[in-house]
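These protein sequences, in sequence, are chains A and B.
For the first sequence, my numbering assigns the number 20 to the initial residue and increments by one for each residue that follows.
For the second sequence, my numbering assigns the number -7 to the initial residue and increments by one for each residue that follows.
The structure appears below as structure tokens.
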Amino acid sequence: MLRDLGPLLHSKTPISLTVDLSEVTYVDDFGVLVLIELRHMMTAQRGAFSLIHATDKVREILSLLHFDDLTDRVHLAKKQIPNIFVRLGDATLRHIHDFQYLTSFTGSVFLALLYVCRHPRSLRSEDTVLAMLKTGVDALPIVGLISFLLGLIIAFMSSVQLRQFGADIYVASLVSLAMTRELGPIMTAIIVAGRSGSAFAAEIGTMRISEEIDALFTMGFDPTRFLAIPKIVASIVVVPLLTLFSDAFAILGGMVVGVLMLDLTASAYIAQTAVTLTPFDVFLGVLKSAVFAFLISWISCFRGFRVRGGAAGVGTATTSAVVSSIFLIILTDALFSVILRYWG
Amino acid sequence: MAIDRRPIIQVRDLTARYGEETILEGVSFDVYEGEIFVILGGSGCGKTTLLKHLIGLIRPYAGQVIIDGEDITHADSQGYHRLLRRIGILYQSGALFGSMTVAENVALPIVEYTGLPSDLVSTVVRMKLNLVQLEGYEDYLPSEISGGMKKRAGLARAMALNPKILFFDEPSAGLDPVTSAGLDRLIVHLNKSLGTTMVIVTHELQSILAVAQRVIMLDKGLRGIIAEGDPGHLRETSRNPLVWRFFNRQPDDGAVPA
């Protein structure tokens, strides 16, 4: 309608426009929009505009939509993206606050761990065992499979080179060393971060938004001791065991390649593995995975406790828990490498 | 109404802030032992914030809160923990622990704070559930029961250690009129038979008029108490337009009391 009337008004430029509404029985907001636009056009051309013979029903609708007030063009405020300095400042403040909370959470974790060491009965054993089952036992299939495949891949890739020197047997050394010292702990920890880190953050985060943590607090329980410690203790116990399991399966994977592709015998492969590995290698892998386990459960529980704002907040916390865990794992592994280089 | 009852909660000059924003300023009031006391007001007036300060979830920016002789604003954690055994809180959605059954939820404080053997604990749990008419639901998970039942289970848990004061955060929220009326009647009944002091935060007019013995009304603009007293009395006699509108359920369109 406006497309037809607009050009007409422009070309004819009337001094005044009167709209006769006597035949109009009903108008909806789009109809009112036409009237508003007509009024605008008239105002722009310095003409007069009026409505006559509006029925009661039409008048009621016009008053409901505040027709008389809609004289100015209203622009819906565009969402202003604040400039880069504001965003930088905001982000810095947020990180500082986060760091403050992280420090106090870490303190409370250590105090709680100390308390549990002195009063072993105070550990919630049922929760701890359940966490061990979920973090450890349930992860066995996936850890086993991935480690087996990793062993397979390492053996296969290295055999291509070693073959040329007739040094096939060293595939066993490569697989066992690489897995026990580095890849076993890292891969296992990453899998645990994805499975259990996210679960810890999601569980605690959901409790946060449904006020269950407030309820714990006002019943006199320490949420850290009640919720975080079982998970942390369970992880530290179970992840090193998972890592040993992963080492074994990787060696098995390597052996499959060795026997099927490289004409090695199983016993030769195992003998070479045994010669290469020292107890320190295995111990190092286990120590690393214990540290990784602590880092994963610590940061994931923290993210859970810090959830604000509903389901979206839980999602953010879960993602952040996994990403932070993986970052911490790799960072710590690098630190281990540097320390061993200068100390070992 | 006995005038010689002692105050069991004393709030003096409480100031509450969220970051830079002041929610409450200089709020002072008493709650007397054994009464049903309601904190009410429009949205955003700070009533849930006030409740969180009373139960010690938030430290006030300034001021003092004394509950049953214990100054929780300046107390050490031991004093606060001793007090926690004497109060119970019903959170808005019950705040039951999702991984435990109803019975395990109610048993949690009992197991933690009394030395009772497990069969005696079970009996106490059954008694508490009977009090709130949830007998038979001991082994249900919170996800398997309705909203009204979750609140009643939460109430049973709040009453586990026979607290002197019960706090309720919006008990009628999300309940249909029948369930809400049932909960109101339960509150009045428990107050009469056990003498427990009840502090209720709500804006449900029906519940307030049915249950409250004394109220304070908070106002967002004033950042404090705008009215105090018997709810029926306030409804009839208040000349303050904000108070009158609240109690007579009138919209904000400039109407003023006669």
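All residues carry an ideal CB built from backbone N, CA and C; glycine is no exception.
Select from A:I255, A:S41, A:D88 the residue whose C-alpha is nearest the C-alpha of S308 of chain A.
-> A:I255
Could you have a look at G55 of chain B and say whether DSSP puts it in helix, strand or coil?
-> Correct three-state label for G55 of chain B: strand.
Compare the C-alpha of L82 of chain B against each of B:E136, B:M190, B:M209, B:S91 and name the closest.
-> B:M190
Can you tell me which of the three DSSP states Q291 of chain A falls into?
-> Three-state result, Q291 of chain A: helix.
DSSP state of M(-7) of chain B mapped onto helix, strand, coil | Only weak support exists for where M(-7) of chain B lies, its pLDDT of 49 falling under 50; the value from the coordinates is given anyway. In this structure, M(-7) of chain B counts as coil in the three-state DSSP scheme.
Backbone CA spacing between D352 of chain A and L296 of chain A [nearest angstrom] | 20 Å
Pair every Cβ in the stretch 125 to 135 of chain B with every Cβ in the stretch 154 to 172 of chain B, then say whether three or more of these pairs are closer than 8 Å.
-> no
Whole angstroms is fine: what's the gap from I172 of chain A's alpha carbon to P101 of chain A's?
-> 49 Å
Who does L16 of chain B pair with in a DSSP beta bridge?
-> B:A8, per the DSSP bridge assignment.
Inter-residue Cα distance where the pair is S343 of chain A and L178 of chain B = 48 Å
Measure the Cβ-Cβ separation of S217 of chain A and L193 of chain A and say whether it is below 8 Å.
-> The beta carbons of S217 of chain A and L193 of chain A sit no closer together than 8 Å.
Test item: CB-CB of M61 of chain A and L36 of chain A under 8 Å = yes
Taking the beta strand (DSSP E) that R251 of chain B falls in, what are its first and last residues?
-> Nothing in the structure corresponds to residue 251 of chain B, since chain B is present only between -7 and 250.
What does a CB cutoff of less than 6 Å around A73 of chain A pick up in its chain, not counting 5 residues either side in sequence?
-> L40
C-beta contact flag for R77 of chain B and G239 of chain A at 8 Å | yes
Quick one: does D87 of chain A have its CB under 8 Å from some CB of chain B?
-> no
Would you please state the rounded distance, in angstroms, between the beta carbons of V275 of chain A and T199 of chain A? I believe it to be under 8 Å.
-> V275 of chain A to T199 of chain A, Cβ: 18 Å. No contact.
Quick one, which residues of the stretch 66 to 91 of chain B are near chain A if we go by CB-CB under 8 Å, in chain order?
-> H73, L76, R77, I79, I81, Y83, Q84, S85, A87, L88, F89, G90
C-alpha gap between L21 of chain A and L57 of chain A, whole angstroms | One C-alpha to the other measures close to 8 Å.
Buried or exposed (CB count within 10 angstroms, at least 16 for buried), R322 of chain A | buried
Beta-carbon neighbours of I47 of chain B, restricted to chain A and to distances below 7 Å | T237
Taking DSSP as the reference, what is the three-state secondary structure of S35 of chain A?
-> In the structure shown, S35 of chain A falls within a strand segment according to DSSP collapsed to helix, strand and coil.
With 8 Å set as the bound, which would you pick, yes or no: does the beta-carbon of P163 of chain B sit closer than that to a beta-carbon of chain A?
-> no
Which chain A residues sit within Cβ distance under 7 Å of P101 of chain B?
-> M238
DSSP state of T106 of chain B, grouped into three classes?
-> coil
Indicate whether at least one CB of chain B lies closer than 8 Å to the CB of E79 of chain A.
-> No, E79 of chain A does not count as interfacial toward chain B.
What span of residues does the beta strand (DSSP E) with I188 of chain A cover, start to end?
-> Careful: I188 of chain A lies outside any beta strand (DSSP E) and carries neither H nor E.
When the cut-off is 8 Å and only beta carbons count, does A208 of chain A lie next to chain B?
-> no
Report yes or no: is there a C-beta of chain B within less than 8 Å of the C-beta of S265 of chain A?
-> no
Report the three-state DSSP secondary structure of A219 of chain B (helix, strand or coil).
-> strand
Alpha carbon to alpha carbon, what distance is there between R214 of chain A and S356 of chain A?
-> Whole-angstrom Cα-Cα distance: 26 Å.
Burial state of K184 of chain B, where buried means 16 or more other Cβ atoms lie within 10 Å = exposed
Can you tell which of A:G329, A:R325, A:A340, A:D266 has its C-alpha closest to the C-alpha of I12 of chain A?
-> Residue 12 of chain A cannot be examined here, being either before or after the span of chain A that is shown, 20 to 363.
Return the first residue and the last residue of the alpha helix (DSSP H) that I192 of chain B is part of.
-> No alpha helix (DSSP H) holds I192 of chain B; the beta strand (DSSP E) holding it covers 189 to 193.
Can you name the residues of chain E whose CB is closer than 9 Å to the CB of D233 of chain A?
-> No chain E is present in this structure, whose protein chains are A and B.
Residue span of the alpha helix (DSSP H) that contains S356 of chain A, given as start and end = Start and end: 329 to 362.
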